[in-house]
Amino acid sequence: MATPLNLDNVIKAYDIRGLVDKEITADFTFSVGVAFAAFLEMERESATVVIGQDMRPSSEELATAFADGVTSRGFDVIRIGLSSTDMLYFASGKLNLPGVMFTASHNPAEYNGMKFCKSGAKPIGKESGLTLIRKLIEDGAPMVMRPAGVIKQRDMLQEYADYLVSLFPEKTFEKRKLKVVVDAGNGMAGFTAGAVMEKLSVELIPMYFELDGTFPNHEANPIDPKNLKDLQKRVKKEKADLGLAFDGDADRCFLIDENGDLVNPSALTALIAVAELNRVPNAKIIYNLISSKAVPEVIAENGGSAIRSRVGHSYIKQMMAQTGAVFGGEHSGHFYFERFWRADSGMLAALFAIAQLMQSKLSISKLLQPYNRYFSSGEINSKMKNADAAKVAIEKVKEEYGSGNEIDDLDGLTITSEKWWLNLRPSNTEPLLRLNVEADSTAKMAKIRDEVLELIASIR
0 MATPLNLDNV IKAYDIRGLV DKEITADFTF SVGVAFAAFL EMERESATVV IGQDMRPSSE
60 ELATAFADGV TSRGFDVIRI GLSSTDMLYF ASGKLNLPGV MFTASHNPAE YNGMKFCKSG
120 AKPIGKESGL TLIRKLIEDG APMVMRPAGV IKQRDMLQEY ADYLVSLFPE KTFEKRKLKV
180 VVDAGNGMAG FTAGAVMEKL SVELIPMYFE LDGTFPNHEA NPIDPKNLKD LQKRVKKEKA
240 DLGLAFDGDA DRCFLIDENG DLVNPSALTA LIAVAELNRV PNAKIIYNLI SSKAVPEVIA
300 ENGGSAIRSR VGHSYIKQMM AQTGAVFGGE HSGHFYFERF WRADSGMLAA LFAIAQLMQS
360 KLSISKLLQP YNRYFSSGEI NSKMKNADAA KVAIEKVKEE YGSGNEIDDL DGLTITSEKW
420 WLNLRPSNTE PLLRLNVEAD STAKMAKIRD EVLELIASIR
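One point on numbering: in numbering that gives the first Met the number 0, the residue at position 209 of the sequence shown is 208, and numbering is uninterrupted.
Okay, structure coming up:
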């Protein structure tokens with residue numbers, strides 16, 4: 000079967016993703032299906048694969064071709080149809096089967112791709128299977144002689160919604176009537192949010208719930224501030240208690256408070272950490288190294304053990320498995336739950352925020368106020384000429400700011416002083432340097448941020 004001319008363009012650190020028709024074609028996904036089944040056989044995994052898909056126009060054809068590739072090796076397939084990525088993880092966990100999700104997440108309409116997991120929603124990235132899958136795509140999987148597998152359909156939306164709500168004590172979501180605006184961005188939250196919210200004491204105000212993979216209203220990428228503007232206006236207009244913004248495959252969630260302001264994802268990490276520590280005293284909580292300094296402080300203050308991780312879901316999931324952590328939070332809006340097979344779920348993170356809000360008489364901004372202790376730059380990307388230029392820039396920043404301060408290289412360069420910290424790390428997939436700065440005052444943060452960006456600009 001035909002494969003893309005350059006697999007480096009489509010096989011990323013955690014998934015396969017590329018341009019539809021040019022890179023991601025039905026022939027290609029058939030060959031990936033064959034390779035995935037062969038990989039599962041080598042791993043002694045189950046001989047049944049769960050397949051979910053988002054609302055992109057190409058997803059049905061690509062998922063069908065992939066299913067044909069899987070069944071050609073004698074494996075069976077369960078197709079759950081339209082699904083968010085965390086719903087696919089739910090299916091993998093509940094059924095204890097490997098799975099694949101057809102989505103390009105927050106990428107524009109012309110893209111599509113695949114996210115993979117082993118049974119129990121265990122992640123598959125470059126270091127845990129994608130490299131071998133790539134080799135099987137390139138070399139061709141060994142021939143087998145067995146009857147073709149069968150394809151079954153299964154609707155799991157209600158099971159997914161019921162499971163999420165069941166993770167909270169009975170009557171948690173009956174204590175206070177809330178008005179919640181949800182911006183699905185024409186992505187999969189338009190499919191899942193209604194099924195979940197109807198089980199809560201919530202007046203749901205839907206925005207862009209029509210499933211449309213061309214994203215006619217705005218990109219389904221809430222990490223870009225321009226894509227939050229409609230939701231922010233609507234929250235204020237409706238005098239809502241909370242706004243929720245999901246990305247295209249609804250595995251990430253960002254919160255807008257009652258004033259129309261973006262909630263710092265680190266504050267949400269801290270809020271969920273406290274709730275989980277109330278449930279499991281002295282538990283371990285994982286946070287990634289670009290999270291606010293407030294996160295490990297709050298975890299310690301509430302009797303937990305804070306464990307620092309590099310950025311990336313495969314690292315956090317692996318660390319959760321190794322340490323027995325009950326929760327992990329990333330500043331990018333990914334939140335991981337031990338009771339959700341250590342997988343990430345934007346919807347479950349949203350439910351934690353709603354649950355805590357319902358138990359309080361406070362607004363969401365007041366509820367989160369104790370966790371907003373410092374001033375952050377947010378992540379700022381600088382385009383570099385090449386990887387060598389990025390390395391030179393990192394060394395220059397280290398020379399300029401490292402003296403007398405704490406330095407570590409867990410993920411790029413982190414420099415920590417008494418009043419501020421910065422992290423500068425290269426992108427895994429693009430010639431970019433990503434800068435995060437946090438300080439105990441806006442002025443100090445802005446000073447460090449601007450000086451570092453000027454230094455980077457002098458090199459790139």
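Even glycine gets a Cβ: it sits at the ideal position worked out from N, Cα and C.
Relative to the alpha-carbon of K382, which residue among S416, P425, Y400, S30 has its alpha-carbon at the smallest distance?
-> P425
First through last residue of the alpha helix (DSSP H) which encompasses V69 = 58 to 70
Bounding residues of the alpha helix (DSSP H) (the contiguous stretch that carries V164) = 156 to 165
Straight-line Cα distance separating K360 from K125 | 46 Å
So what does DSSP say about M206, is it helix, strand or coil?
-> strand
For S440, I'd like the list of residues in its chain whose CB is within less than 7 Å of its CB, leaving aside the five on either flank, ordered along the chain.
-> F374
For R145, collect the residues of the same chain with a Cβ closer than 8 Å to its Cβ; drop the 5 residues on either side in sequence, then sort them by chain order.
-> Once the five neighbours on either side are set aside, the close Cβ partners of R145 are R72, G73.
Taking the alpha carbon of S127 as the point to measure from, which residue in E275, L156, I204, K11 has its own alpha carbon closest?
-> K11
Could you check if A140 is buried or exposed, using at least 16 other CB atoms within 10 Å of its CB as the buried criterion?
-> buried
Burial state of I463, where buried means 16 or more other Cβ atoms lie within 10 Å = Residue 463 is absent from the structure shown; the chain starts at 0 and stops at 459.
Report yes if the CB atom of G332 is closer than 8 Å to the CB atom of P264, and no otherwise.
-> yes
Return the chain-ordered list of same chain residues with a C-beta closer than 7 Å to the C-beta of A498, the five sequence neighbours on each side being excluded.
-> Since the first residue of the chain shown is 0 and the last is 459, residue 498 is not available in this structure.
Report back the beta-carbon spacing between I315 and Y335 to the nearest angstrom; my notes put them in contact at under 8 Å.
-> Contact between I315 and Y335 is confirmed by a C-beta separation of about 6 Å, below the 8 Å threshold.
So N226 is in the alpha helix (DSSP H); what residue range does that whole segment cover?
-> Membership of N226 in any alpha helix (DSSP H) is not indicated, and neither H nor E is assigned to it by DSSP.
Local Cβ density within 10 Å of S402, reported as buried at 16 or more and exposed below that | exposed
Pick from A46, K121, V48: whose alpha carbon is nearest that of A320?
-> Looking at the Cα atoms, K121 is the closest of the given residues.
Taking all protein chains shown into account, decide if S457 is buried (16 or more other Cβ within 10 angstroms of its Cβ) or exposed.
-> exposed
Within its chain, find whatever has a CB closer than 6 Å to the CB of A1; leave out the 5 residues flanking it on each side and keep chain order.
-> With a pLDDT of only 49 at A1, under the threshold of 50, the placement of this residue in the model should not be trusted; the figure read from the coordinates follows. The residues are D26.
Three-state secondary structure assigned by DSSP to E405 = strand
At what residues does the alpha helix (DSSP H) containing A464 begin and finish?
-> The requested residue 464 is not part of the displayed model; the chain covers only 0 to 459.
DSSP beta-bridge partners for N435?
-> N422
Would you call the segment 161 to 178 and the segment 128 to 139 in contact, with 3 or more CB pairs under 8 Å?
-> With the cut-off at 8 Å, the segment 161 to 178 and the segment 128 to 139 do not touch.
Relative to the alpha-carbon of L267, which residue among V294, N111, E399, G259 has its alpha-carbon at the smallest distance?
-> V294
Excluding sequence positions up to five away, which residues of its chain have a Cβ less than 6 Å from the Cβ of E202?
-> K178
Do you know how far the Cα of K176 is from the Cα of V262?
-> 21 Å
Close Cβ partners of L87 (< 6 Å) along its chain, the five nearest in sequence each way excluded | G51, G98, M100
Does DSSP put A1 in a helix, in a strand, or in coil?
-> Caution applies to A1, whose pLDDT of 49 falls short of 50 and renders its modelled position unreliable; the value that the coordinates give is listed next. The answer is coil: DSSP assigns A1 none of H, G, I, E or B.
Sub-8 Å separation of Q152 and R78 beta-carbons | yes
Sequence-distant residues of the same chain with beta carbon closer than 6 Å to K47, five excluded per side | At residue 47 the sequence reads Thr, which differs from the Lys that was named. Closer than 6 Å at Cβ, skipping near neighbours: D75, L96.
Endpoints, beta strand (DSSP E) assigned at R78 | 75 to 81
Should Q231 be labelled buried (16 or more other beta-carbon atoms within 10 Å of its own) or exposed?
-> So Q231 ends up on the buried side.
Would you kindly check if the distance between the Cβ of T70 and the Cβ of G148 is under 8 Å?
-> Yes, these two residues count as a Cβ contact at 8 Å.
Determine the extent of the alpha helix (DSSP H) in which Q358 is found, giving its start and end residues.
-> From DSSP, Q358 is part of no alpha helix (DSSP H); its letter is neither H nor E.
Cβ atoms of H105 and A192: under 8 Å apart, would you say?
-> No.
Neighbourhood of A64 by C-beta, 6 Å cutoff - its chain only, sequence neighbours within 5 removed = Cβ contact annotation for A64 (same chain, cutoff 6 Å, sequence separation greater than five): A25, T28, F29, in chain order.
At 4 residues or longer, and completely inside the segment 115 to 156: list those alpha helix (DSSP H) runs for me, N to C.
-> Counting only runs of 4+ residues, the alpha helix (DSSP H) found wholly inside the segment 115 to 156 occupies 129 to 138, in chain order.
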